[in-house]
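Trainee: This is the structure I have questions about; it appears just below.
Numbering (my numbering), first residue to last: 3 to 1040.
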């Protein structure tokens, strides 16, 4: 049959014979598609458009609806490979898939059963932890096998390259596939179990608190001592002092990918949870797990859509029903065989699946090769009609001499003895496929395909008879160029990845920032765009988006897992932590992502408390079955109707609530001289408080900039040290000036002698400190600010940072009828942080009653966490008083790092005990800084009496502040390590641990005793000031 023979266009389609329909379809196809080398432009456009649209849809879907995207991806990843394997009969994959699915299904069923059994968490984590380790190991082994193949190690074992490469690819695929399945399913199981941890009622209401001898993950007893069962289990204690089974908390963090304590939701240091580096999440492995989702789940769907579009446009062939019937029936007629050959030729040429034997005896004729290779069973069996399938007659055969034809013999040793010109003796061995111009040896049970020569086919064509397609080109010779290029590509990729992760010295130079353009991050808009999208009623309303609100939300969710919380903040960013803005962010390496920093233990984290997909949309909050927290950014509450429990926004929108928390924080103070300055001056003045201030200051620091910091407190001193020490400011040669009216840095919290010593240390770091001065005038001089000081001296700077303290945001009190403390500032609340019925206050804005020290207002990060947590607990009805003493810390260069707790006020009498440095420490210090002086005494006790006698020190001579400062400046003393006690009524009310670490628990115990001490030098021995750092760490670990 000639497929290119024209078909009568006037004949109805239904009246066409099957052969005519096939010719018509192939004629249409050949008109638009001439082969893969000249692919039709429309097919290229369809493929590119499909890929681009699919990418955009998937990215937007993942960004906007991450949960549904993850769920659908997981289902597709689980089901699609199984369906394809069934169609292709990949029995090995199906076997492993069924085993994994059965066991995982049982584990998921136990994890989602209510209430969970005490052994369920361990079972879940053991299974998925095993999958995690197995998949990671398979991936590593597969990669090693592939690399060995690239470098020719397989030839040492006399193995072909394709065998090793197949094994390596198979192991890598299994590792990635089951790794990503295990990761996604384990996270779902961990979420389901976390909703019921520690709760026994179906509603999720807690009936008990966490006992010290109970693990909050599995609910079982912690067996750490000798017991009846004779089992002693390993436990792990988090930084929040909650203790768990080591395996349970490792499963919670590693398998479930959780970063919070299961009970109190505080952050967990994940790096401490891993026993060895191989268990730590690897960048490349994590990226491969995400890539396998695309390859297995979405790529087949995208290609199917593209192929379907091509087939609809008749750009790509598809076998019709007649062709499928022919291929499945094993027909033996001449027309059907020609049809099979032609169809397979077209399909194979377009799909690049021509498979040729690379041996000298292979038949070079295309039709016979395809039939023999792809359909050996079809042409080796009897047909339905009882006739044997003959391969003769593929093309018309006139009477030809045997010497002028090519005979092809096919082994049919399993069939009955056929008849034909090639049959001879059965005892001869079967003849393999051969080709030649002379008759081949006749073999037992073999059929012959007689193919005309080129001259004969030309003669047949002249007579109008059908001809065979031309033979395909000879197979290409095997080449190892692909393997070499692959090895080079993988090696280059590995080196590039290592370079990207900073494994080599010399990080890349950061890209300069164009300060002339507006920061696009500032173009953020309020979210949601309209206040109409905010819920009309919420059970819990949090006013403010800072640390106190986050701590309150986490505390609420602990006791009410399905709580619905709405957080309203006037900032445009999601809740974030503020301490890194003046410390760690300035010391980021060049390769660190923006707004991320390295913690003290080396781990990297973002300043944002949670990723964006952790929060839900405000308009979806009322209908959320499991609750959650929504953040309304860019909105402000104008007034509270406490009686009717309503919050009225500035645009008049009303939101009712059941419980409300005010956590509006504090705003930075400004100096009148800058407030009344011209606009050009105010544009160069920064009140450093928010992430926007950090980004703005970091972008506007040009080469050779001069920055003046007004203020000598916590923020001013930390910023001065950070700007003078950070790598990015040193490269830009930024000069830092610090001006304040006190006598030294931190003068309001540190004794005068220690404040003076601290100032000298900041000068050693490169800060130009100008104490006892103030700015009396400011004006523009060219492009710089001219600061005139009280002594008429002049300072020219590019920018001014005002860090003179802050004041609480109590504007809501005036409009809502809430009381403000006249002395300390802030909303007046009781010991339970309650301002009015159902209204609580936490954080910097709360002036609370401390049962130990009286009424106070504290502006520190740890206090925001403690007070926010307590407010959240009281909002759910626990009614706890404020008894926990918060702490604060500060870092001023490599020589000064301290922690403090209690009342820290330099106006109080103090007793300080400092230890003499060891000879090793002295040698190390002298080698690093020759200007340092050595301490003269074994234990230097400095007492700032303020004319008040101190118990145990009656015989010591009283000294005035000026004399003590002068003595420190003239002496060779250095205060490198010690403890400062703050006294009131001869009782310790505050402590500062000066370069003493991991001893806050001891300080808290001393503070809780609230008693008089005869000899504070003896009390200071509790802090082990004379221990070496290594010994100190070992004792703390014990």
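All C-beta atoms in this analysis are idealised placements derived from N, C-alpha and C, irrespective of residue type, glycine included.
Short check: CB of residue 883 to CB of residue 846, under 8 Å?
Mentor: Along the chain shown, one-based indexing puts residue 883 at 881. Along the chain shown, one-based indexing puts residue 846 at 844. Not closer than 8 Å, so no.
Trainee: Let me make sure I understand the geometry here. Which of 112, 997, 87 and 778 has the alpha-carbon closest to that of residue 674?
Mentor: Looking up residue 674 in the chain shown gives position 672. Out of 112, 997, 87 and 778, 778 has the C-alpha closest to the C-alpha of residue 674.
Trainee: Taking residue 616 as part of the beta strand (DSSP E), name the residues at either end of that continuous run.
Mentor: Residue numbering aside, residue 616 sits at position 614 when the chain shown is read from its first letter. Counting along the chain, residue 616 falls outside any beta strand (DSSP E), and DSSP gives it neither H nor E.
Trainee: Can residue 619 and residue 634 be called in contact, C-beta distance under 8 Å?
Mentor: Position 617 of the chain shown, counted from the start, is the residue given in the question as residue 619. Position 632 of the chain shown, counted from the start, is the residue given in the question as residue 634. Not in contact: residue 619 and residue 634 (Cβ atoms no closer than 8 Å).
Trainee: When the Cα atoms are used, what is the spatial distance from residue 786 to residue 730?
Mentor: In the chain shown, residue 786 corresponds to position 784, counting from 1. In the chain shown, residue 730 corresponds to position 728, counting from 1. Each residue's alpha carbon lies about 22 Å from the other.
Trainee: Using only CA atoms, which one of 843, 749, 751 and 769 lies nearest to residue 710?
Mentor: Position 708 of the chain shown holds residue 710. The option with the nearest alpha carbon to residue 710 is 769.
Trainee: Return the Cβ separation of residue 528 and residue 551 in integer angstroms, given the expectation that the two are a contact with Cβ distance under 8 Å.
Mentor: Along the chain shown, one-based indexing puts residue 528 at 526. Along the chain shown, one-based indexing puts residue 551 at 549. Their Cβ separation, rounded to whole angstroms, is 17 Å, which puts residue 528 and residue 551 out of contact at 8 Å.
Trainee: If you pair each beta-carbon of the region 753-772 with each one of the region 737-744, do three or more pairs fall below 8 Å?
Mentor: The answer is yes - the region 737-744 touches the region 753-772, with three or more Cβ pairs under 8 Å.
Trainee: Would you kindly work out how many angstroms separate the C-alpha atoms of residue 705 and residue 736, rounded to a whole number?
Mentor: Stepping through the chain shown from its first residue, residue 705 is reached at position 703. Stepping through the chain shown from its first residue, residue 736 is reached at position 734. Going by the C-alpha atoms only, they are around 7 Å apart.
Trainee: Please say whether residue 1009 and residue 906 have beta carbons closer to each other than 8 Å?
Mentor: In the chain shown, the residue the question calls residue 906 occupies position 904. In the chain shown, the residue the question calls residue 1009 occupies position 1007. Against a cut-off of 8 Å, the Cβ pair of residue 1009 and residue 906 comes out as no contact.
Trainee: In its own chain, which residues sit with a C-beta less than 6 Å from the C-beta of residue 555, not counting the 5 before and 5 after it?
Mentor: Here residue 555 is taken as the residue at index 553 of the chain shown, counted from 1. Within the same chain, residue 555 has close Cβ partners 567 and 631.
Trainee: Which of the three DSSP states, helix, strand or coil, is assigned to residue 217?
Mentor: Residue numbering aside, residue 217 sits at position 215 when the chain shown is read from its first letter. Reduced to three states, the DSSP call for residue 217 is coil.
Trainee: Below 6 Å CB to CB, which residues in the same chain sit around residue 588 once its five sequence neighbours on both sides are set aside?
Mentor: Sequence index remark: in the chain shown, residue 588 carries index 586 (1-based). 724 and 728, listed in sequence order.
Trainee: Rank 687, 900 and 909 by C-alpha distance to the C-alpha of residue 1101 and give the top, closest one.
Mentor: Here the chain comprises residues numbered 3 to 1040, so residue 1101 is not present and cannot be evaluated.
Trainee: Starting from residue 788, trace the beta strand (DSSP E) both ways and give me its first and last residue.
Mentor: Within the chain shown, the letter at position 786 stands for residue 788. Note, residue 788: beta strand (DSSP E), 786-791.
Trainee: What residues match up with residue 982 in a beta bridge as DSSP calls it?
Mentor: Position 980 of the chain shown holds residue 982. Partner(s): 914 and 994.
Trainee: For residue 655, collect the residues of the same chain with a Cβ closer than 6 Å to its Cβ; drop the 5 residues on either side in sequence, then sort them by chain order.
Mentor: Here residue 655 refers to the residue found at position 653 of the chain shown. Cβ within range, chain order: 533.
Trainee: Quick one: grab the DSSP three-state call for residue 1021.
Mentor: Reading the chain shown from its first residue, position 1019 is the one you call residue 1021. Looking at residue 1021 - three-state DSSP - the assignment turns out to be helix.
Trainee: Quick check on the burial criterion: 16 or more other C-beta atoms within 10 angstroms. Buried or exposed for residue 795?
Mentor: Walking along the chain shown from the start, residue 795 turns up at place 793. Label assigned to residue 795: exposed.
Trainee: In three-state terms, what does DSSP make of residue 20?
Mentor: The count along the chain shown starts at 1 and reaches residue 20 at position 18. If DSSP states are grouped into helix, strand and coil, residue 20 belongs with the helices.
Trainee: Hey, residue 1096 and residue 851: beta-carbon distance below 8 Å or not?
Mentor: The structure shown has nothing for residue 1096, since the chain only spans 3 to 1040.
Trainee: Would you list the one or two residues that DSSP bridges to residue 578?
Mentor: For the purposes of this step, residue 578 is taken as the residue at position 576 of the chain shown. Paired residue(s): 610.
Trainee: Which class does residue 836 belong to by DSSP, given the choice of helix, strand or coil?
Mentor: Against the chain shown, residue 836 aligns to sequence position 834. Here residue 836 sits in strand by DSSP.
Trainee: Do residue 650 and residue 546 have their CB atoms nearer than 8 Å?
Mentor: Stepping through the chain shown from its first residue, residue 650 is reached at position 648. Stepping through the chain shown from its first residue, residue 546 is reached at position 544. In this structure, residue 546 does not lie closer than 8 Å to residue 650 by Cβ.
Trainee: Going by CA-CA distance only, name the one from 776, 1016, 638 and 750 that's closest to residue 793.
Mentor: Here the question's residue 793 lines up with position 791 in the chain shown. The candidate whose alpha carbon is nearest that of residue 793 is 776.
Trainee: Applying the criterion that 16 or more other CB atoms from any shown protein chain within 10 Å of the CB defines a buried residue, is residue 77 buried or exposed?
Mentor: Here residue 77 corresponds to residue number 75 of the chain shown, with the count starting at 1. Result: exposed.
Trainee: Whole angstroms is fine: what's the gap from residue 8's alpha carbon to residue 22's?
Mentor: Walking along the chain shown from the start, residue 8 turns up at place 6. Walking along the chain shown from the start, residue 22 turns up at place 20. If I take the Cα positions, the gap works out to 9 Å.
Trainee: Have a look at the DSSP bridge pairing and note the partners of residue 899.
Mentor: In the chain shown, residue 899 corresponds to position 897, counting from 1. For residue 899, which the question treats as bridged, DSSP gives the partners 893.
Trainee: Which one or two residues does DSSP pair with residue 825 in a beta bridge?
Mentor: Locating residue 825 in the chain shown gives position 823, counting from the first residue. Note: residue 825 sits in no beta bridge, so no partner.
Trainee: Taking the DSSP output, what are the residues bridged to residue 661?
Mentor: Start at 1 with the first residue of the chain shown, and residue 661 comes out as number 659. According to DSSP, which records beta bridges pairwise, residue 661 is partnered with 542.
Trainee: Taking the alpha carbon of residue 125 as the reference point, which residue from 108, 558, 135 and 137 has its own alpha carbon closest?
Mentor: Locating residue 125 in the chain shown gives position 123, counting from the first residue. When only C-alpha atoms are compared, the closest one is 108.
Trainee: Which residue wins for smallest C-alpha separation from residue 167, given the options 151, 181 and 161?
Mentor: Numbered from 1 along the chain shown, position 165 holds the residue referred to as residue 167. Minimum Cα distance to residue 167 is reached at 151.
Trainee: Report the option in 841, 148, 190 and 161 whose CA atom is closest to the CA atom of residue 174.
Mentor: Here the question's residue 174 lines up with position 172 in the chain shown. Comparing Cα positions, the closest option is 148.
Trainee: Three-state secondary structure (DSSP) at residue 702?
Mentor: Here residue 702 refers to the residue found at position 700 of the chain shown. Residue state, collapsed to three classes: helix.
Trainee: For residue 238 and residue 121, I'd like the C-alpha separation in whole angstroms.
Mentor: Against the chain shown, residue 238 aligns to sequence position 236. Against the chain shown, residue 121 aligns to sequence position 119. Roughly 18 Å between the two C-alpha positions.
Trainee: When the Cα atoms are used, what is the spatial distance from residue 307 to residue 590?
Mentor: Here the question's residue 307 lines up with position 305 in the chain shown. Here the question's residue 590 lines up with position 588 in the chain shown. For residue 307 and residue 590, the distance between alpha carbons rounds to 46 Å.
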